Every structure is written in structure tokens, then in C-alpha cells.
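Structure, as C-alpha cells:
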């Protein structure tokens, strides 16, 4: 599946590119670039997965890394705080 469609779904869930960006710790420009490219980084895929509670699985955006939704690591990496805990974007 093309990563463009899951990212579009995440944007719809959030309400806009800007709202998704704020929720996952990226800039609106980064979201727009990923949208235009039709590809997301592994970190962005994980952030979207966590934000949507798995409704938009990282495995749909990066099947090269995770074959199934249950293969996606759901906990943030140790020693790193997610954007919501830091109080803003990365």
C-alpha cells in the first residue's frame, strides 16, 4: 500500500496537517513534504501510529519495516520523551 493513503487518513483524523504536526512533534512543512513525496520516515510512521492509537498503523506507511500492525513497537524509545511530554515540537 502506498504510504500516501495512510498519511491522508491521519491528517483527516487530526483535522489538518498543522494539527497532526503539532500532535506528533513535527512541523507542518515536514508533514506536507511527506505527503507530497508519498513517503514517511520510520520515526514519523511510529509517531502517527501512536497518535492515532493504531488506527493508522506504521506498518501501512512502512511495510518495508513492519509487515503487520502487531509488529510495530508501540512504546517510545527509552530515554526519549515524546513531543507531548516535552511540551512542543522536536
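Residue numbers (my numbering): 3 to 92. Ideal placement from N, C-alpha and C gives every residue a C-beta, glycine not left out. These figures come from a predicted structure and were not determined experimentally.
Handout entry: Beta-carbon contacts of residue 13 that lie in its chain and below 6 angstroms, excluding the five residues immediately before and after
Key = 19, 22
Exercise for the section: Let me know if residue 44 comes out buried or exposed under the rule of 16 or more other beta-carbons within 10 Å of its beta-carbon. Expected result: exposed
Exercise for the section: Along the alpha helix (DSSP H) that carries residue 61, what are the first and last residues, could you check? Expected result: 60–63
Practice task
Note the first and the last residue of the continuous alpha helix (DSSP H) segment covering residue 76.
Solution key: No alpha helix (DSSP H) holds residue 76; DSSP gives it neither H nor E.
Handout entry: Pick from 75, 16, 11, 34 that is closest to residue 48, judged by C-alpha positions
Key = 75
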